[in-house]
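Asker: Numbering (our numbering), first residue to last: 158 to 254.
1. Measuring alpha carbon to alpha carbon, tell me which residue in 205, 254, 238, 213 is nearest residue 225.
2. Could you tell me if the beta carbon of residue 204 falls within a distance shorter than 6 Å of some heavy atom in the ligand GDP?
3. Which value, in whole angstroms, describes the spacing of the CA atoms of residue 159 and residue 251?
4. Is it the case that the Cβ atoms of residue 172 and residue 201 are separated by a distance below 7 Å?
5. Which residues in the same chain have their Cβ closer than 7 Å to the Cβ of residue 231, if we skip the five residues on either side of it in sequence?
Structural data, given as C-alpha cells:
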C-alpha cells in the first residue's frame, strides 16, 4: 500500500517510511541493494526507461548512531551521511543515462 508510481522516466515506483521488513520484501523481486537489519524510516525512488538502460535509484534510511555503515551493497553510486540526534541518515543514489 505504501508503493506509488514515480514520476521521471517511463516506469518506476517510490515509497516512504518503510520498515526493514517491508523493504526486504521489495528486494526479493527488485535488484535494490540490501540494507542493514537496523535500518528504519526507509524511503526509495526508482525510475527506469524500459528500453534504454537509463535509470535512477535513490534510497534513504536511518541507522542508530553507534552502528557502523555496511556499504558493500553500494557499488555504483554516491553515499551521503547526516547525523540527526541519535541517528544517522544515510542517502545513496545511483543512475545511468
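All C-beta atoms, glycine included, are put in the ideal place defined by N, C-alpha and C.
Answerer: Let me spell this out:
1. Closest by alpha carbon: 238.
2. You won't find the ligand GDP in this model; it holds no ligand whatsoever.
3. Straight-line Cα distance between these residues: approximately 22 Å.
4. A contact, by the Cβ cut-off of 7 Å.
5. Cβ neighbours of residue 231 beyond the five flanking positions: 190, 249.
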